[in-house]
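Numbering (this note's numbering), first residue to last: 1 to 576.
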């Protein structure tokens, strides 16, 4: 752009005193001050002109025609005609106007005007300005020597080795090398397209600033794009820094946040503050205070109180933990397809209307509907609780319901005998391994293998009152137990391999034998609504259950009385 500076200096040198008439000039360069005396060093040298004339053609002003060449401090102006309107210090070049600077930069136009008093100039019709860094094309270009800037507002392009910029209006600041684009700006490069209403770009640093709704679109995959209303973009490193109403679209996913960053080369992005990662295809979104995405690996990570929601037709699954990861991997059976996975690490929690759980970590295969719960897992379903070393849940991907559970190691299932009372009565079954089957969104059946044991409350229907009547408690030990969960009962339907089963009336079984030693019914940490997953534990007050030991206590009293009578009948020794 140094040629613009020369043009300003060069044309001002024509402010020598001659008796000429005025002429109509562009309003932008109107003379609002007194003429300025030309210094000796500002004078130009006429190299060539076919003719030098002064007649009525240009209101009596002097003009040169035919291959006109004028030199000033190493720069040369070429034109078909050059007119000198000295009374207003105005110079006008017409026809194939070309200003060539010593450094190789060039401006061409059909005509050029300059006012030496206002030190403003204009180039008109097919204006092309080229320098070592860029080429500017427009229909009219204005320049201001005092402000040291040039601009156009009739539409134009600015191109360099990599990019082509289209804009309605642009101002070029020569001191800072900053270009301010306004009005339907478009920057076109081999890899991306930038569009917005106001963009400022530094030609030295190749950094663009965005003001207003702006998009950066990946040319190879237009669905991958960036939207922001305030931000900067480093064109050489292809890094975006976004600070207002920003969104990053990648791999059919959308990342939003208060402050965001994305690298178009590496595919790495991050967001801070009110972060959301939406995956419409998987019908799942994640939220948190900080998030990272890895476009090429098709993975993401969320921290700072993160949670994820898997949206389903009839229900949704909610996950929370200290850290949540989501990623996709090719399907081994068909590499053209991808499988989606979700992992929650440390103090993981899950909520579904018919199943809630917690574990140290949870891994969920969303495509196949398989969920793994590791380290101290606990799963609630209605008034039933399942624990073990590891729990695997299998979802029906069509109905979106849980079909079954596999409990591996120290499997333990507990069921409240009557969910409508606070009686301390629980059916229990345990063993090394357990498979739990669901029916109509509730636990229906369990099969326990390996050191299987059960404690089951047994009722019968009174034939006269037609009301349930407690018979007692059955204690069973088997190699394999098959159990059926009913509304208020756990029915042992099979007990095989070393079976041993005894039923004790309530008066004959001690309270401590009504529960296994590792009984762990948990109401304090139970997740009762989806918002409970947002904290490590809802820390509910433990429910206090009342024990019904009347029959046993009365039986014990009767036994104690009988013992006392027997003791009384025994002869007593008397010391003499």
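Virtual Cβ for every residue (Gly too), placed ideally from N, Cα, C. Treat the numbers as computed from the prediction; the structure is a model and nothing was measured.
Hey, residue 130 and residue 151: beta-carbon distance below 8 Å or not?
-> Within the chain shown, residue 130 is the residue found at index 130, counting from 1. Within the chain shown, residue 151 is the residue found at index 151, counting from 1. Cβ atoms of residue 130 and residue 151: not closer than 8 Å.
Is residue 75 near residue 102, with beta carbons less than 8 Å apart?
-> On the chain shown, residue 75 is found 75 positions in, with the first residue counted as 1. On the chain shown, residue 102 is found 102 positions in, with the first residue counted as 1. It is a contact, given that the beta carbons lie within the stated cut-off.
Is it the case that the Cβ atoms of residue 261 and residue 120 are separated by a distance below 8 Å?
-> Translated into positions along the chain shown, residue 261 becomes position 261. Translated into positions along the chain shown, residue 120 becomes position 120. Result no, Cβ atoms of residue 261 and residue 120 do not sit closer than 8 Å.
Would you decide whether residue 419 is buried or exposed? Buried here means 16 or more other CB atoms lie within 10 Å of its CB.
-> The residue given as residue 419 occupies position 419 in the chain shown. Residue 419 is exposed by the Cβ-count criterion.
Pairwise C-alpha distance: residue 358 and residue 378 = Within the chain shown, the letter at position 378 stands for residue 378. Within the chain shown, the letter at position 358 stands for residue 358. Spanning the two alpha carbons is a distance of roughly 6 Å.
Which term fits residue 331, buried or exposed, when burial requires 16 or more other beta carbons within 10 angstroms of its beta carbon?
-> Here residue 331 is taken as the residue at index 331 of the chain shown, counted from 1. Looking at its Cβ environment, which holds fewer than 16 other Cβ atoms inside 10 Å, residue 331 is exposed.
Mind reading off the beta-carbon distance from residue 428 to residue 454? Whole number of angstroms is fine, and I expect it under 8 Å.
-> Within the chain shown, the letter at position 428 stands for residue 428. Within the chain shown, the letter at position 454 stands for residue 454. Going by Cβ atoms, the distance from residue 428 to residue 454 rounds to 6 Å, so yes, they are a contact pair.
Is residue 448 near residue 431, with beta carbons less than 8 Å apart?
-> Here the question's residue 448 lines up with position 448 in the chain shown. Here the question's residue 431 lines up with position 431 in the chain shown. The answer is yes: Cβ separation under 8 Å.
How about residue 196 and residue 213: do their beta carbons lie closer than 8 Å?
-> Working through the chain shown from its first residue, we reach residue 196 at position 196. Working through the chain shown from its first residue, we reach residue 213 at position 213. Contact: yes.
Would the segment 314-323 and the segment 532-541 be scored as touching if the rule is three or more Cβ pairs under 8 Å?
-> yes
Taking all protein chains shown into account, decide if residue 228 is buried (16 or more other Cβ within 10 angstroms of its Cβ) or exposed.
-> Looking up residue 228 in the chain shown gives position 228. By the 10 Å Cβ count, residue 228 comes out buried.
Straight-line Cα distance separating residue 440 from residue 382 = Within the chain shown, numbered from 1, the residue matching residue 382 stands at position 382. Within the chain shown, numbered from 1, the residue matching residue 440 stands at position 440. Distance between the alpha carbons of residue 382 and residue 440 is about 12 Å.
Among residues of its own chain, excluding the 5 on either side of residue 571, which ones have a beta-carbon nearer than 6 Å to its beta-carbon?
-> In the chain shown, residue 571 corresponds to position 571, counting from 1. None.
Given 8 Å, three or more beta-carbon pairs between the segment 301-311 and the segment 265-283 | yes
Below 8 Å, can you find three or more Cβ-Cβ pairs linking the segment 458-478 to the segment 495-511?
-> yes
If we call anything under 8 Å between Cβ atoms a contact, is residue 80 one with residue 65?
-> Here residue 80 refers to the residue found at position 80 of the chain shown. Here residue 65 refers to the residue found at position 65 of the chain shown. Against a cut-off of 8 Å, the Cβ pair of residue 65 and residue 80 comes out as a contact.
May I ask you to list the residues that DSSP assigns as paired with residue 394?
-> Here residue 394 refers to the residue found at position 394 of the chain shown. In the DSSP output, where bridge partners are listed per residue, residue 394 has 370, 404.
Using alpha carbons as the reference points, say which of 69, 255, 215, 104 lies closest to residue 94.
-> Locating residue 94 in the chain shown gives position 94, counting from the first residue. Here the closest residue by C-alpha is 69.
Uninterrupted beta strand (DSSP E) stretches inside the segment 213-250 (no shorter than 3 residues) = 225-234, 239-244, 246-250
C-beta contact flag for residue 162 and residue 179 at 8 Å | Stepping through the chain shown from its first residue, residue 162 is reached at position 162. Stepping through the chain shown from its first residue, residue 179 is reached at position 179. Contact flag unset, no.
Excluding sequence positions up to five away, which residues of its chain have a Cβ less than 7 Å from the Cβ of residue 375?
-> Stepping through the chain shown from its first residue, residue 375 is reached at position 375. Closer than 7 Å at the Cβ level, and outside the excluded window around residue 375, lie 359, 360, 361.
Compare the C-alpha of residue 26 against each of 141, 126, 77 and name the closest.
-> Position 26 of the chain shown, counting from 1, holds the residue named residue 26. Out of 141, 126, 77, 141 has the C-alpha closest to the C-alpha of residue 26.
Segment limits, beta strand (DSSP E) that includes residue 468 = As a first step, residue 468 is located in the chain shown; it is residue number 468 there, counting from the start. Here the beta strand (DSSP E) through residue 468 covers 468-486.
Residue 512 in three-state terms, based on DSSP = For the purposes of this step, residue 512 is taken as residue 512 along the chain shown, with counting starting at 1. Three-state DSSP puts residue 512 in a helix.
In chain order, which continuous runs of the beta strand (DSSP E) of length 3 or greater are located wholly inside the segment 307-395?
-> 307-311, 316-320, 323-331, 334-352, 355-365, 370-374, 378-381, 384-387, 390-395
For residue 151, the residue or residues it bridges with in DSSP = As a first step, residue 151 must be located in the chain shown, where it is residue number 151. According to DSSP, residue 151 bridges with 142, 171.
Just curious, the beta strand (DSSP E) that residue 464 is in, first and last residue?
-> If you number the chain shown from 1, residue 464 lands on position 464. Note, residue 464: premise wrong, no beta strand (DSSP E); not H, not E.
Residue from 479, 303, 84 with nearest C-alpha to residue 494 = Here residue 494 is taken as the residue at index 494 of the chain shown, counted from 1. The shortest Cα separation from residue 494 among 479, 303, 84 belongs to 479.
Would you mind sorting residue 21 into buried or exposed? The rule is 16 or more other CB atoms within 10 Å of its CB.
-> To locate residue 21, count along the chain shown from 1; it is residue 21. Here residue 21 scores only 49 on pLDDT, less than 50, and its place in the model should not be relied on; the value that follows carries that caveat. So residue 21 counts as exposed.
Identity of the residue in 410, 486, 460 nearest residue 445 by Cα | Looking up residue 445 in the chain shown gives position 445. Looking at the Cα atoms, 486 is the closest of the given residues.
Alpha-carbon spacing of residue 364 relative to residue 451, whole angstroms | On the chain shown, position 364 is the one that residue 364 refers to. On the chain shown, position 451 is the one that residue 451 refers to. Looking at the two C-alpha atoms, the distance is approximately 30 Å.
Exposed unless 16 or more other CB atoms sit within 10 angstroms - verdict on residue 134 | In the chain shown, the residue the question calls residue 134 occupies position 134. Counting Cβ neighbours within 10 Å, residue 134 comes out buried, since at least 16 surround it.
Short check: CB of residue 233 to CB of residue 216, under 8 Å?
-> If you number the chain shown from 1, residue 233 lands on position 233. If you number the chain shown from 1, residue 216 lands on position 216. Yes, Cβ-Cβ distance for residue 233 and residue 216 is below 8 Å.
Identify the continuous beta strand (DSSP E) that holds residue 123 and give its terminal residues.
-> Position 123 of the chain shown, counted from the start, is the residue given in the question as residue 123. Per DSSP, residue 123 belongs to the beta strand (DSSP E) from 120-130.
Going by the CB atoms, is the gap between residue 256 and residue 585 shorter than 8 Å?
-> Residue coverage of the chain in this structure runs from 1 to 576, which leaves residue 585 outside it and unanswerable.
Neighbourhood of residue 137 by C-beta distance below 6 Å, restricted to the same chain and skipping five residues each side | Taking the chain shown and counting its residues from 1, the one referred to as residue 137 is at position 137. 128, 156, 157, listed in sequence order.
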